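Heads up: the protein sequence lines correspond to chains A and B, in order.
Residue numbering for the first sequence follows our numbering, starting at 1 and increasing by one per position.
Residue numbering for the second sequence follows our numbering, starting at 1001 and increasing by one per position.
Written out below as structure tokens is the structure these notes cover.
Protein chains: 2
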Amino acid sequence: MKPSEFKTNGLTGEAAATNKGAALSEASFGTCPLPITAHDTVQLGHGSGGKMTNDLISKLFVWAFDNPALKRMDDSAVLPLGASRLAISTDSFIVDPIFFPGGDIGELAVYGTVNDVAMSGARPLYISLAFILEEGFPLADLRRIVESVRRAADRSGVTVVTGDTKVLNRGKGDGVFINTTGVGLIERPVELSSSNVRPGDRLIVSGSIGEHGMAILSKREGLEFESPIVSDAAPLSELVDAVLDAVPEGVHALRDATRGGVAAVLNEFAVAARVGIRIEEGTVPVEPAVAGACEFLGLDPLHVANEGKMIVAVEDAHAARVLEVMQAHALGRDAAIIGTATDTDAGMVIMRTRLGGTRVVDMLVGEQLPRIC
Amino acid sequence: MKPSEFKTNGLTGEAAATNKGAALSEASFGTCPLPITAHDTVQLGHGSGGKMTNDLISKLFVWAFDNPALKRMDDSAVLPLGASRLAISTDSFIVDPIFFPGGDIGELAVYGTVNDVAMSGARPLYISLAFILEEGFPLADLRRIVESVRRAADRSGVTVVTGDTKVLNRGKGDGVFINTTGVGLIERPVELSSSNVRPGDRLIVSGSIGEHGMAILSKREGLEFESPIVSDAAPLSELVDAVLDAVPEGVHALRDATRGGVAAVLNEFAVAARVGIRIEEGTVPVEPAVAGACEFLGLDPLHVANEGKMIVAVEDAHAARVLEVMQAHALGRDAAIIGTATDTDAGMVIMRTRLGGTRVVDMLVGEQLPRIC
Chain A
1 MKPSEFKTNG
11 LTGEAAATNK
21 GAALSEASFG
31 TCPLPITAHD
41 TVQLGHGSGG
51 KMTNDLISKL
61 FVWAFDNPAL
71 KRMDDSAVLP
81 LGASRLAIST
91 DSFIVDPIFF
101 PGGDIGELAV
111 YGTVNDVAMS
121 GARPLYISLA
131 FILEEGFPLA
141 DLRRIVESVR
151 RAADRSGVTV
161 VTGDTKVLNR
171 GKGDGVFINT
181 TGVGLIERPV
191 ELSSSNVRPG
201 DRLIVSGSIG
211 EHGMAILSKR
221 EGLEFESPIV
231 SDAAPLSELV
241 DAVLDAVPEG
251 VHALRDATRG
261 GVAAVLNEFA
271 VAARVGIRIE
281 EGTVPVEPAV
291 AGACEFLGLD
301 PLHVANEGKM
311 IVAVEDAHAA
321 RVLEVMQAHA
331 LGRDAAIIGT
341 ATDTDAGMVI
351 MRTRLGGTRV
361 VDMLVGEQLP
371 RIC
Chain B
1001 MKPSEFKTNG
1011 LTGEAAATNK
1021 GAALSEASFG
1031 TCPLPITAHD
1041 TVQLGHGSGG
1051 KMTNDLISKL
1061 FVWAFDNPAL
1071 KRMDDSAVLP
1081 LGASRLAIST
1091 DSFIVDPIFF
1101 PGGDIGELAV
1111 YGTVNDVAMS
1121 GARPLYISLA
1131 FILEEGFPLA
1141 DLRRIVESVR
1151 RAADRSGVTV
1161 VTGDTKVLNR
1171 GKGDGVFINT
1181 TGVGLIERPV
1191 ELSSSNVRPG
1201 DRLIVSGSIG
1211 EHGMAILSKR
1221 EGLEFESPIV
1231 SDAAPLSELV
1241 DAVLDAVPEG
1251 VHALRDATRG
1261 GVAAVLNEFA
1271 VAARVGIRIE
1281 EGTVPVEPAV
1291 AGACEFLGLD
1301 PLHVANEGKM
1311 IVAVEDAHAA
1321 RVLEVMQAHA
1331 LGRDAAIIGT
1341 ATDTDAGMVI
1351 MRTRLGGTRV
1361 VDMLVGEQLP
1371 RIC
């Protein structure tokens, strides 16, 4: 799963048939290992996509909604429905500011969920759209967001089929929060999962990293860089289609690198599949403006959020073809092979730096950039 | 639709096949009839489930996500998926207080969405669960809510399949907000819709009304009544099954009476189906404690929210059987026929009072009880 989420994947036919949730009995509710991460209250870090989020998920949500498939930890739940397989994914968006260079909360809410659904190999079909508004929020801004949702949905090929609107008293919210939940249909015989990454798999990133996070940060903090940094928010379903059309076998996992950045995705692969991951710093595409801003602010681009980039784990024999297909698509033009899964150092991500040394690329513990999405 | 929601229903096969959203071109985005309800900013009333909510929906959301089916205005979207029909519904929960007599935000979040899915005649299968937490929220309370979600999901026969957690800086939220989105499968050849109510249909309420709203209000305001009022929060899918098993034909619409109360549902039936509705005040079941509290506070129980009550519109010939089946179920024990759809007074709900007079039962314009769910 994205560390910031808790998702079950691949419920068995039996689970779907009995449809009674997981097997955990109520009696076992007495054993929850709280306090979580040594805190008694929710911390910003619990929403970071880093280790604190993972702690909250594994100690509370996995405990409550335990399921044999929960540990597959993928971006969307894959579920049987008659003879079909559905993919379902949910995300809430609390990004601050709501309008930022390259996008706004409306398109983020569409692309974020469409991308999670697409990462399972599903074709995203339908999304729900739920607003939590604060009393006093300008209706003109709401209109602008709704227009943006509509355009993003059209671009992504999904239909907004249902919605909800709630209003908070002034001071009890922060303008607008959006939840979208996406439903897609898996029409290919693929089984994509973080846990399916295998030693020898090549890891491909679909383009330059860190742009969304740095665009938000620069707007929020009023920072001006020489070249403005623009969010990469985009729907990845076409790119996924192109890859899986060209290489129907050999692709083991897809994951969009949102909160927690590429580092979080690689660590999740390493842990879920019990492999090591080696990457080469020099091969990771980073725009000069992002690299400069990160250096200035002391941030590692590998930890910075993206909203239109994915990581592909693919057998070495098919890697060149996947790379070629991705580079032929506008959203994968700068795709690059950045590393390899190994059968040593299971659970760890190790980077060879430009200077020739090596360092561990960890997940962040807590919050680097709150409210990035 | 629930006035507080915007939902499309029954997309055509073509819409599903092209899957490109509705036909509205971007060019027409220039014609949105803002300002909405003469306000420039979001008002509490926009989330009330009353006329202001309807205005927001019809002038902004229907405009942006226009669809021939949107006007069916039902609780969940009904969508083709291969040879099946899916029902999808979303709801965010911002109830204040989060723990109240008879329930908490966790079970409300499950039942609210399960019930919306069930009203289409679907069997609810899966729900997503997305938390927006405020920094500083007690983890022990979060645990209590998660346990409650789990129990409510088990009771409702749904599996929590995917989730999300976001955290707001302290002061930018209010403890906890939850979004749930439910997916169900319609396995019966039913076509339930507000717009299908016909003159002559009998209107049946599944039990005594106003308990959820008054339970919230009494807790929030520290009111003490002679007998404590407890929320009626409950999953209605079994009751729906019982009704549709016994009477597979002749049931035209089901609707749970949440925000806006029974008055909102009846008005939506009247408008969507272009019928009049006559009800008898003396037949509407109201617990004495709720009646007393409403009288004391100057509220009309018809406008007060429920979370475990539904209205059935059924042909007169089948009404007695539906009533019998409902009364045989624990959640329909106090079911009663409260009125009839007419071919006069289209769009209006008229009540004969206990004193023998008549009055129009309108939807509220704005907010009666904010943050009721």
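Where is the CB? At the ideal position from N, CA and C, for every residue including glycine.
Owing to the predicted nature of the structure, the values given are computational and were not obtained by experimental measurement.
Query, Result
"Nearest-angstrom Cβ-Cβ length linking serine 156/A and alanine 253/A, presumed shorter than 8 Å", "Actually they are not in contact, since the Cβ atoms of serine 156/A and alanine 253/A sit about 22 Å apart, beyond 8 Å."
"DSSP beta-bridge partners of aspartate 1104/B", "Phe1099/B"
"Cβ neighbours of serine 48/A in the same chain (closer than 6 Å, five flanking residues each side left out)", "Gly366, Glu367"
"Residues of the stretch 1087-1120 of chain B with Cβ closer than 7 Å to any Cβ of chain A, in chain order", "Ile1088, Ser1089, Thr1090, Asp1091, Ser1092, Ile1094"
"Within chain A, the residues that alanine 997/B reaches when beta carbons sit closer than 9 Å", "Residue 997/B is absent from the model: chain B starts at 1001 and stops at 1373."
"Sequence ranges, beta strand (DSSP E) only - wholly within the stretch 44-87 of chain A, length at least 3", "77-81"
"Residue range of the beta strand (DSSP E) that includes isoleucine 1337/B", "1336-1342"
"Where threonine 1353/B sits in the DSSP three-state scheme", "coil"
"Bridge-paired residues (DSSP) for histidine 1212/B", "Beta-bridge pairing links histidine 1212/B to no other residue."
"Inter-stretch contact (C-beta, 8 Å, three-pair minimum) for the stretch 122-130 of chain A and the stretch 150-168 of chain A", "yes"
"Bridge partner(s) assigned by DSSP for serine 1092/B", "Asn1179/B"
"Within the stretch 116-166 of chain A, ranges of the beta strand (DSSP E) (whole runs, at least 3 residues)", "123-134"
"Buried versus exposed, by CB contacts within 10 Å (16 or more), aspartate 1293/B", "Looking at the sequence itself, residue 1293/B is alanine, so the reference to aspartate does not match. Burial call: buried."
"Counterpart residues of leucine 168/A in DSSP-defined beta bridges", "Glu134/A"
"Cβ pair leucine 142/A, valine 176/A closer than 8 Å", "yes"
"Chain B contact for threonine 353/A (CB, 8 Å cutoff)", "no"
"Collapsed DSSP secondary structure at threonine 258/A in the structure displayed", "coil"
"Residue interval of the beta strand (DSSP E) (run including valine 240/A)", "Here valine 240/A belongs to no beta strand (DSSP E); instead the alpha helix (DSSP H) covers 237-246."
"Where glycine 282/A falls, given that 16 or more other Cβ within 10 Å makes a residue buried", "exposed"
"Touch test, the stretch 1262-1272 of chain B against the stretch 1181-1192 of chain B, Cβ-Cβ under 8 Å, three pairs minimum", "no"
"The stretch 1164-1198 of chain B: positions lying closer than 7 Å to chain A by Cβ", "Asp1164, Thr1165, Lys1166, Val1167, Leu1168, Asn1169, Lys1172, Gly1173, Asp1174, Phe1177, Asn1179, Thr1181, Val1183, Leu1185"
"Threonine 358/A at chain B interface by Cβ criterion, 8 Å", "no"
"Distance between beta carbons of isoleucine 132/A and isoleucine 1094/B, contact taken as under 8 Å", "6 Å"
"8 Å contact criterion, which methionine 310/A and alanine 257/A should meet: CB distance rounded", "7 Å"
"Cβ-Cβ separation, valine 1251/B to valine 1349/B (assumed contact under 8 Å), whole Å", "The pair is not a contact, with the Cβ atoms about 20 Å apart (cut-off 8 Å)."
"Proximity winner among His39/A, Ala38/A, Leu369/A, relative to alanine 215/A (alpha-carbon distances)", "Leu369/A"
"Range covered by the beta strand (DSSP E) that runs through glutamate 1324/B", "From DSSP, glutamate 1324/B is part of no beta strand (DSSP E) but of the alpha helix (DSSP H) over 1316-1327."
"Residue closest to alanine 1320/B, alpha-carbon to alpha-carbon, out of Pro1288/B, Ser1120/B, Ala1246/B", "Ala1246/B"
"Buried/exposed call for aspartate 40/A, threshold 16 Cβ in 10 Å", "exposed"
"Residue-chain proximity (threonine 1041/B, chain D), Cβ-Cβ < 8 Å", "The structure shown has no chain D; the protein chains it does contain are A and B."
"Contact belief for alanine 1242/B with glycine 1308/B at Cβ below 8 Å, rounded distance in angstroms", "With 8 Å as the limit, alanine 1242/B and glycine 1308/B do not qualify as a contact, their Cβ atoms being about 15 Å apart."
"Closer than 7 Å at the beta carbon, the chain A residues around alanine 1242/B", "Within 7 Å Cβ-Cβ: nothing; alanine 1242/B doesn't reach chain A, min ~18 Å."
"Glutamate 1280/B: first and last residue of the uninterrupted beta strand (DSSP E) it sits in", "1276-1280"
"Within-8 Å CB hit, glycine 47/A to chain B", "yes"
"Contact list for glycine 1082/B against chain A, beta-carbon separation under 8 Å", "Gly82, Ala83, Ser84, Leu185"
"Backbone CA spacing between threonine 1165/B and alanine 305/A [nearest angstrom]", "16 Å"
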